[in-house]
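Position in the sequence shown counted from 1, then plus 42, gives you this note's numbering. Where is the CB? At the ideal position from N, CA and C, for every residue including glycine.
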Amino acid sequence: MSMESGTRDSALLPEAAPIPPSEVLRRSAPLADAAAYLALLAQSRHDPEGFWMRQARDLCWSREPEALGGPGRFFPGGSLNLCRECLDRHRTEGERRSVLIAADAGGALRRLSRGELGQKVGALAGRLTGWALSPGQRVLLLLPPGEDLVVALLAVWRLGLCAVPCDPAMEPGRRARRIRDAGCAAAVLAEPQPALEPELVPPRALVLPAAGPGGTAPDPVEVSAMSPALVVADATGRLLALPAAGFLVQAKLAYRWLLDGRGGDDIHGFLCPSHHVSLLAGLAGALACGGAAAPLPLPADASGWGAPRALGVRVLLVRAKNLPPAPDAGAPPPSHPGPELVALEGESVAPRIYHWVKGGLFAQDTHVVQVLSRPEAGGFVAGPCPGLIPVRPASVSLPAPGLDLWVVDRAGQPCPVHHGGLLSLRQACPGLPLELQREKPPWVLGVRVRMDADNGLWPMGEWSPPRGPSATSLPELEAVLAAMPGVEQAAVVAYNDAQGILRTAAFVRLASDGPDLDQVRERLRQRLGDASLPDSLQSVAQLPMSRTGKLLRSVLRRVARGEEIPIEELESVADPETLRPLLPQNVRPR
43 MSMESGTRDS ALLPEAAPIP PSEVLRRSAP LADAAAYLAL LAQSRHDPEG FWMRQARDLC
103 WSREPEALGG PGRFFPGGSL NLCRECLDRH RTEGERRSVL IAADAGGALR RLSRGELGQK
163 VGALAGRLTG WALSPGQRVL LLLPPGEDLV VALLAVWRLG LCAVPCDPAM EPGRRARRIR
223 DAGCAAAVLA EPQPALEPEL VPPRALVLPA AGPGGTAPDP VEVSAMSPAL VVADATGRLL
283 ALPAAGFLVQ AKLAYRWLLD GRGGDDIHGF LCPSHHVSLL AGLAGALACG GAAAPLPLPA
343 DASGWGAPRA LGVRVLLVRA KNLPPAPDAG APPPSHPGPE LVALEGESVA PRIYHWVKGG
403 LFAQDTHVVQ VLSRPEAGGF VAGPCPGLIP VRPASVSLPA PGLDLWVVDR AGQPCPVHHG
463 GLLSLRQACP GLPLELQREK PPWVLGVRVR MDADNGLWPM GEWSPPRGPS ATSLPELEAV
523 LAAMPGVEQA AVVAYNDAQG ILRTAAFVRL ASDGPDLDQV RERLRQRLGD ASLPDSLQSV
583 AQLPMSRTGK LLRSVLRRVA RGEEIPIEEL ESVADPETLR PLLPQNVRPR
């Protein structure tokens with residue numbers, strides 16, 4: 043069953059009654075009513091150049107851009123520095139105002155004023171200056187959410203460098219691939235360090251807390267609007283570089299319209315991994331708008347979820363995956379005094395989770411919304427304006443201002459209303475990753491959704507293509523191969539090559555009077571397009587089967603990687619002689 047047909051029934055599920063904004067949020071809403079906000083969204087889609095240039099004028103450019111531009115050339119001629127945007131430009135608002143609540147190296151939560159944060163950033167940037175890195179070079183930040191992460195992020199941006207945040211708690215295999223693929227010139231690491239292979243650590247590395255005096259605080263290094271500021275990754279591990287100006291413009295928009303940011307003493311808390319684009323956009327948006335940020339450690343259990351309110355956090359952004367489980371039936375819920383607003387970030391949040399957060403984890407006076415962020419779009423992509431738009435549990439409501447979202451099938455064609463498909467961008471936005479700006483629209487964002495008649499978006503989980511944003515899934519590719527005349531058997535596997543890049547390999551058993559490999563590949567190309575072709579196509583006399591008749595895909599993955607097959611796997615093959623013909627000379631590369 044295809045994804046599209048498999049999700050069609052979700053349109054028939056009853057939708058919960060909308061939950062209006064709390065009275066507190068409604069009174070402080072940035073516009074008069076929901077109609078005014080809907081008009082803002084429509085205007086941002088119909089006049090993207092005017093909309094984005096108005097947002098750009100809010101940045102502190104060292105050189106103003108000539109125009110909006112477009113993919114590959116947004117804000118041409120413009121130059122800026124992200125550290126100045128997030129820190130220096132707000133110094134006149136008060137050096138003693140607290141702007142960061144975070145855990146220090148010892149794990150203790152403390153508050154840093156703007157002046158104290160500036161001193162720490164300047165000292166670390168002074169140390170990094172000694173590495174003589176060039177603007178745009180990548181610096182690995184292997185740091186947990188906390189004070190060190192924010193200081194290192196701003197120090198890297200002060201020097202015009204590109205940050206590659208990576209949470210030490212990431213699964214070791216994913217972490218190693220992320221570091222290897224990023225090719226960083228230097229690194230800032232936490233103490234204690236996670237176990238790493240020596241070759242993964244760049245030769246220039248600094249372990250925090252660093253001993254000795256810091257260097258002289260350098261002046262901000264100006265970079266072009268399109269200079270990479272961050273490297274994040276999609277669900278397949280593909281690395282994506284976010285352009286400096288576009289990332290910041292979209293982060294500020296999300297802070298104001300989706301997270302109800304107000305600047306000044308307004309504290310936004312974050313419970314997200316270091317490398318997640320929601321945390322990075324949330325931090326940048328809060329600091330660049332003159333507000334305060336609190337990247338917090340994840341509570342050990344449900345009893346610790348009252349801490350954000352006690353710290354003065356008004357808005358809390360939480361990855362839905364980090365929520366504690368609901369208590370057993372009959373057990374009293376913790377019902378902590380909650381922040382004024384909780385934003386649940388995730389590709390699929392069931393209504394029961396929404397109601398557990400609103401009426402179980404926190405007291406009923408906390409307003410709860412669902413938002414969605416995607417690395418493929420450079421930050422937040424959807425969510426309601428909390429003080430204006432009613433909430434429907436399980437829905438992220440509307441696209442973020444400036445983003446023209448629609449739902450397409452795998453061929454890139456629009457899906458009907460209530461018909462499940464893939465969330466995508468119809469028009470390029472300034473924060474679109476540099477790698478994707480070279481591709482043609484629509485840009486698929488890696489989430490399965492449906493759109494209702496009111497343009498409301500209902501996420502249904504993450505979608506991870508085997509290769510590229512428009513590739514065919516492995517089962518579908520295998521089915522197409524097996525159905526070809528002259529192909530008697532087919533198998534398709536995914537594997538990571540020596541560089542950590544996700545690849546696909548297809549194995550086919552051809553009839554004696556059937557097509558050759560080149561003909562099979564051409565038929566695949568005509569049927570599915572170039573984006574869905576496997577990286578290699580190999581002819582085999584027999585596919586390896588277990589003694590119980592099961593196809594041994596693990597063996598095929600090892601063959602595709604060129605690895606030696608362990609003796610225990612050889613013993614599970616019904617006829618080990620079937621492996622002998624699996625030699626490189628029978629492979630047709632992509």
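Taking C-alpha positions only, G333 is separated from L575 by approximately 48 Å. Fewer than three beta-carbon pairs drawn from the segment 393 to 405 and the segment 461 to 473 are found closer than 8 Å, and the two stretches are therefore not classed as touching.
Note on geometry: alpha-carbon atoms of R356 and W103 lie some 30 Å from one another. The segment 585 to 595 and the segment 558 to 568 do not touch, with fewer than three beta-carbon pairs separated by less than 8 Å. Assignment of M526 by DSSP, reduced to helix, strand and coil, places it in the coil class. The beta carbon of A287 is closer than 8 Å to those of A98, L101, P107, F116, F117, G120, L122, A267, M268, P472 in its chain, skipping five residues each way along the sequence. Taking a C-beta distance under 7 Å as the contact criterion, G462 and R416 do not qualify as a contact pair.
Per DSSP, the continuous alpha helix (DSSP H) segment holding Q561 begins and ends at 559 to 570.
In its chain, beyond the 5 residues on either side, L203, C204, A227 have a beta carbon closer than 7 Å to the beta carbon of Q179.
When secondary structure is reduced to three states using DSSP, I431 falls in the coil class, being assigned neither helix nor strand. Distance from the CA atom of L329 to the CA atom of C128, rounded to whole angstroms, is 5 Å.
Per DSSP, L487 lies in no alpha helix (DSSP H); the unbroken beta strand (DSSP E) holding it starts and ends at 485 to 493. Under the DSSP definition of a beta bridge, I143 partners with R153. Taking 7 Å as the cut-off, the beta carbon of A145 is found closer than this to the beta carbon of P339. Cβ contact annotation for L196 (same chain, cutoff 7 Å, sequence separation greater than five): C125, C128, L129, V163, in chain order. Residue environment analysis places D190 among the buried positions, since at least 16 neighbouring C-beta atoms fall within 10 angstroms of its C-beta. Straight across, the Cα-Cα distance linking G311 with A296 is about 15 Å. In the three-state reduction of the DSSP assignment, V582 falls in the coil class, being assigned neither a helical nor a strand state. Looking from the CA of S506, the closest CA among A495, V489, L519 belongs to V489.
For E530, the number of other beta carbons within 10 angstroms of its own is below 16, and it is reported as exposed. Inclusion of A352 and I143 in the CB contact set at 7 Å is not warranted, their separation being larger than that value. Proximity to A436 across W398, L248, D307, A232 peaks at W398, based on C-alpha coordinates.
Between the segment 360 to 371 and the segment 398 to 407 there are three or more C-beta pairs closer than 8 Å, enough to call the two in contact. The alpha-carbon of D558 is positioned some 38 Å away from that of A275. The three-state secondary structure of H88, taken from DSSP, is helix. In the structure shown, the three-state DSSP call for R220 is helix. Of the residues G136, W199, A602, the one whose Cα lies closest to the Cα of V265 is W199. Between P441 and A424, the CB-CB gap stays under 7 Å. Judged by pairs of C-beta atoms under 8 Å, the segment 224 to 240 touches the segment 204 to 213, as three or more such pairs exist. Shortest Cα-Cα distance from R545 to any of R600, P262, A553 involves R600. If one requires a minimum length of 3 residues, the beta strand (DSSP E) runs lying completely within the segment 298 to 344 are 309 to 313, 334 to 337, in chain order. Between P501 and S390, the C-beta spacing is below 7 Å. Counted as a single uninterrupted DSSP element, the alpha helix (DSSP H) harbouring R595 occupies residues 595 to 603. Under the three-state reduction of DSSP output, F549 falls in the strand class. Here F117 carries a coil assignment [DSSP, helix/strand/coil].
If you check the CB distance, A344 and P376 come in under 7 Å.
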